[in-house]
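Working notes for the structure below.
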Amino acid sequence: MDFYLILKTLQRRLWVLIIFPLIAVACAVFLVLQMDKVYNSYAHLATGFTADDAVRLNDQSSNSFEINTRFTNVIESMHSLPVLSLVSYQLILHDLESDTPFRKIENKEDLDFPLTQTFLAKAKEGFKTRISEIKPLNTSDQFDYQLFELLKAYGYDYEALSEQFSIKRLTTSDFISVDFSSENPFLSALAVNTLCKEFIRYNKILKGDRSSESIDFLETLVRDKKRILDEKEALLNDYKVNNNVFNYGAESEGKIAQITEAEMNKEREEKNINGYRLALAQIEERMQGSTTLNKQEVIQVNQHIIDLRRRINEITNSGTTQEKESLGKLRDELQLEISRLDFLNESKEKDESADLKKERDNIKLQLQIAESNFASADLALRRLKYDVSGFATKEAKISELQRDVQVASQEYLDAQDKFNSSKNKALVVGSSIRQILEAQPSLEPEPSKGILIIALAGIGSFVICVVVLLLIEFADMSIRIPDRLERLTGLSAIGSLNQIKIKGFDLRKTFAAKATDKESTTFVHFLRKLRYEVQKSEGKVFMVSSTQSHVGKSFIIICLSYTLSLVNKRVLIIDTNFKRNSLTKLLLPVTDSSRLLKRGAVDDNKTLLLNGKDVEEEEPALEDNHNIIYKTEFKGVDIIGNIGGTDSPSEILAGRDFKEMITNLSLQYDYIFLEGPSINEYSDSKELIDYVDKVIAVFDANTNLNHLDKESINYLKSMKEKMLGAILNKVQLKDLSV
1 MDFYLILKTL
11 QRRLWVLIIF
21 PLIAVACAVF
31 LVLQMDKVYN
41 SYAHLATGFT
51 ADDAVRLNDQ
61 SSNSFEINTR
71 FTNVIESMHS
81 LPVLSLVSYQ
91 LILHDLESDT
101 PFRKIENKED
111 LDFPLTQTFL
121 AKAKEGFKTR
131 ISEIKPLNTS
141 DQFDYQLFEL
151 LKAYGYDYEA
161 LSEQFSIKRL
171 TTSDFISVDF
181 SSENPFLSAL
191 AVNTLCKEFI
201 RYNKILKGDR
211 SSESIDFLET
221 LVRDKKRILD
231 EKEALLNDYK
241 VNNNVFNYGA
251 ESEGKIAQIT
261 EAEMNKEREE
271 KNINGYRLAL
281 AQIEERMQGS
291 TTLNKQEVIQ
301 VNQHIIDLRR
311 RINEITNSGT
321 TQEKESLGKL
331 RDELQLEISR
341 LDFLNESKEK
351 DESADLKKER
361 DNIKLQLQIA
371 ESNFASADLA
381 LRRLKYDVSG
391 FATKEAKISE
401 LQRDVQVASQ
411 EYLDAQDKFN
421 SSKNKALVVG
431 SSIRQILEAQ
441 PSLEPEPSKG
451 ILIIALAGIG
461 SFVICVVVLL
471 LIEFADMSIR
481 IPDRLERLTG
491 LSAIGSLNQI
501 KIKGFDLRKT
511 FAAKATDKES
521 TTFVHFLRKL
531 RYEVQKSEGK
541 VFMVSSTQSH
551 VGKSFIIICL
561 SYTLSLVNKR
571 VLIIDTNFKR
581 NSLTKLLLPV
591 TDSSRLLKRG
601 AVDDNKTLLL
611 NGKDVEEEEP
621 ALEDNHNIIY
631 KTEFKGVDII
641 GNIGGTDSPS
651 EILAGRDFKE
661 MITNLSLQYD
671 YIFLEGPSIN
681 EYSDSKELID
691 YVDKVIAVFD
701 ANTNLNHLDK
711 ESINYLKSMK
721 EKMLGAILNK
731 VQLKDLSV
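Following this line, the structure appears as structure tokens:
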């Protein structure tokens, strides 16, 4: 729906767009006149959140997020139930005690309890007690519930006040604006000032309580941390005393020096032992080597003596003279060997053996001394290492205890710092929020915004009407206008005809310009446009069909034929709608049925062709087509009717050369119009397509297209050049201007 169409749609419903907004404006005016006067009072609070003149315990500056959070917290706190409850108590006490109360209870009967003087006195005391205790009402308690109902009756309950108060920060300043609107200027001023005063008191008490709780908690925490520190230090000192550890560093260094010295002594004695053992082994080897050498020499000498004696004996007993001469030499040699033997056995053995034994005994003594020293050094080293290993265990334990003492000391110092900081803050805990502007009673009531309300009522109702009308238009899925016909079908619209009253309709008078109503003149205008489209098409034989029934095909054919006759055109109408022969009934109300189109079977004992001849004659040519042509009441317009029935054109025209007849008739007439039944229901129109030059589809503007219509439209579009276009019939005059 384009903008122009929207404007036209709204133009048709202009009375709706005028009447309903006027009614809404009238109602708004009435309501505005009934509205009470409203008086507004306001006050300003300075928070100190963005100021630098406050006492600070550190030099840290607040960022914008923190400042915004503080403002939000303050505003929410002012809107909270405890603070507004204090305001409620103060306001109702004023009304109960003052001679000029702001409000009075109009319907005391609505309360569940009587308002006696005793109850009111008790209620006053209850409200005063809750003001001093800063305590909201507990509706589960019967007396508190009665107080709540009393507040509600006066309009001072939490919900009512929260709606009348407006609390906000003034842009990015340090100030908070508190506004209150009511029907009484003094009530508004008192409510604002009371809220500011009670909130400042509530905030101071709340901060004081929090500071006291923090100080008490931190003081207890400091005492606990000090006790834990003392316990850790006592454990460390006790361990040092019980393990004789006074100066762990010096003792540890002394033990390490002793271990080093003991290891050096042990190493030195081990070297001496190795040296003595090596020297003793060498002496043993020398002693063993000397004895062996002496024995070998003695053995050699003895063996030589034995050999000499044997030879002497041999020579003496059986030796030759020469051998006996050498006997003296042998005996001398024997005596020499015996003397040598005696020398070996006496002197040499005694001297060398004694020296070696003496040296061996000396070395053994030194070895025993060295081994004793080594054992002593090893024992001392073991004892020192044991002592040092005990020191490592003690060192780990002392380190653990010292760490515990250090952690406890740090925790104690941290708690002490927090405690001191909280005490310092408590000294300056006084709330930085203060009232810098007191509320004053307003002299003039607030603008009622009546003009705005009236304007909104008028504009809102107008917009609602527009939206509703457009929704109705969008919801209407009927074709209505030629543009929608082309958009929905894809067929070219060659014309449209407006809805016209058929009863009393006279076609001749309508064209004779005797009708002056807009409906008739528009109808004539569109018929002439349709006549032009037919003449421009260069076709002679036309079939007028539709997708649905009762769309006005017969009426259009009659009207179109008449308009063509007005320009001296001869028109022949052939009623081929055998299912609904409306043309025949309209133009031939009384006629001989034997001269009407019907199935080629016996009718009244005679079988007629289109020209009325007997079938048995089987004439190849149609010599006289005028036998079935009738004149109509319109000059230049003739008709060939049918008797109706359920037969299709193929069945009725079987065996007859209908194509040749159409050709012959087209020579006698300027235009020939055939009517086809609805394509959705019957196949007749499809059977007649081959006999015509152009096809015209008729649609009813008040109908909706369904899936059968879409199938039929696709068939019509498949005819391409034969499809002249579509006619939209029964269009409302209001839609023709769109």
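Following full-length UniProt numbering, the numbering of the sequence shown begins with 1 at its first residue and continues without gaps.
Note that CB positions come from ideal geometry on N, CA and C, so glycine has one too.
State the DSSP-derived secondary structure class of residue i, mapped to helix, strand or coil.
{"i": "Asp179", "result": "strand"}
{"i": "His79", "result": "coil"}
{"i": "Leu674", "result": "strand"}
{"i": "Arg434", "result": "strand"}
{"i": "Glu616", "result": "Any reading at Glu616 needs caution, since the residue's pLDDT is 35, under 50, leaving its predicted position unreliable; the model's value is listed next. Here Glu616 sits in helix by DSSP."}
{"i": "His550", "result": "coil"}
{"i": "residue 746", "result": "Absent from the structure is residue 746, since the part of the chain shown begins at 1 and ends at 738."}
{"i": "Val466", "result": "helix"}
{"i": "Asn702", "result": "coil"}
{"i": "Val25", "result": "helix"}
{"i": "Lys449", "result": "coil"}
{"i": "Lys694", "result": "strand"}
{"i": "Ser478", "result": "coil"}
{"i": "Ala46", "result": "strand"}
{"i": "Met719", "result": "coil"}
{"i": "Lys364", "result": "helix"}
Assuming residue i and residue j are in contact, meaning their beta carbons sit under 8 Å apart, how far apart are those beta carbons, in whole angstroms?
{"i": "Arg528", "j": "Thr563", "result": "6 Å"}
{"i": "Tyr691", "j": "Lys659", "result": "6 Å"}
{"i": "Lys730", "j": "Asn702", "result": "6 Å"}
{"i": "Gly676", "j": "Ser545", "result": "4 Å"}
{"i": "Ile18", "j": "Leu86", "result": "Ile18 to Leu86, Cβ: 54 Å. No contact."}
{"i": "Lys418", "j": "Leu218", "result": "5 Å"}
{"i": "Ser88", "j": "Tyr158", "result": "7 Å"}
{"i": "Tyr671", "j": "Lys536", "result": "Going by Cβ atoms, the distance from Tyr671 to Lys536 rounds to 13 Å, so no, they are not a contact pair."}
{"i": "Ala160", "j": "Leu91", "result": "In fact, because the Cβ distance is near 10 Å, the residues do not count as touching under 8 Å."}
Mind checking who residue i pairs with in its DSSP beta bridge?
{"i": "Ser166", "result": "Asp179"}
{"i": "Val637", "result": "Val571"}
{"i": "Ala493", "result": "Ala726"}
{"i": "Asn265", "result": "Looking at the DSSP assignment, Asn265 forms no beta bridge with any residue, so it has no partner."}
{"i": "Ala153", "result": "Ala153 pairs with nothing; no bridge assigned."}
{"i": "Ser41", "result": "Phe180"}
{"i": "Asn498", "result": "Val731"}
{"i": "Ser461", "result": "Beta-bridge pairing links Ser461 to no other residue."}
{"i": "Met543", "result": "Leu674, Val695"}
Would you say the beta carbon of residue i is closer than 7 Å to some non-hydrogen atom of the ligand FAD?
{"i": "Pro82", "result": "This structure lacks the ligand FAD, and indeed carries no ligand of any kind."}
Taking 8 Å as the threshold (C-beta atoms), are residue j and residue i in contact?
{"i": "Tyr715", "j": "Val571", "result": "no"}
{"i": "Leu469", "j": "Ile479", "result": "no"}
{"i": "Pro177", "j": "His44", "result": "Sequence inspection shows Ser at residue 177; the Pro mentioned does not correspond to that position. In this structure, His44 lies closer than 8 Å to Ser177 by Cβ."}
{"i": "Leu330", "j": "Ile305", "result": "no"}
{"i": "Gly126", "j": "Phe143", "result": "yes"}
{"i": "Glu359", "j": "Ile273", "result": "no"}
{"i": "Ser166", "j": "Asp179", "result": "yes"}
Tell me the rounded alpha-carbon separation between residue i and residue j.
{"i": "residue 741", "j": "Val38", "result": "Since the first residue shown for the chain is 1 and the last is 738, residue 741 is missing from the structure and cannot be characterised."}
{"i": "Met264", "j": "Val298", "result": "51 Å"}
{"i": "Leu491", "j": "Leu22", "result": "44 Å"}
{"i": "Phe578", "j": "Thr584", "result": "10 Å"}
{"i": "Leu667", "j": "Lys734", "result": "43 Å"}
{"i": "Leu10", "j": "Phe699", "result": "25 Å"}
{"i": "Gln258", "j": "Gln416", "result": "47 Å"}
{"i": "Pro589", "j": "Thr632", "result": "10 Å"}
{"i": "Gln436", "j": "Ala46", "result": "For clarity, residue 436 is Ile in the given sequence; the question names Gln instead. Roughly 6 Å separates the two Cα atoms."}
{"i": "Lys152", "j": "Ser421", "result": "46 Å"}
{"i": "Ser685", "j": "Met543", "result": "8 Å"}
{"i": "Lys503", "j": "Val551", "result": "17 Å"}
{"i": "Gln712", "j": "Val29", "result": "Correcting the residue type first, residue 712 is Ser in the shown sequence and not Gln. Near 58 Å, if we compare the C-alpha coordinates of Val29 and Ser712."}
{"i": "Ser188", "j": "Asp476", "result": "56 Å"}
{"i": "Leu456", "j": "Val25", "result": "9 Å"}
{"i": "Ala621", "j": "Ile652", "result": "With a pLDDT of only 34 at Ala621, under the threshold of 50, the placement of this residue in the model should not be trusted; the figure read from the coordinates follows. So the two alpha carbons sit approximately 18 Å from each other."}
{"i": "residue 786", "j": "Leu150", "result": "Any property of residue 786 remains undetermined from this structure, which presents the chain solely from 1 to 738."}
{"i": "residue 739", "j": "Val467", "result": "Nothing can be reported for residue 739: it is not among the residues displayed for the chain, which extend from 1 to 738."}
{"i": "Arg484", "j": "Phe20", "result": "30 Å"}
{"i": "Ile481", "j": "Leu587", "result": "30 Å"}
{"i": "Lys128", "j": "Ile453", "result": "42 Å"}
{"i": "Thr260", "j": "Gln402", "result": "29 Å"}
{"i": "Ile464", "j": "Ile6", "result": "15 Å"}
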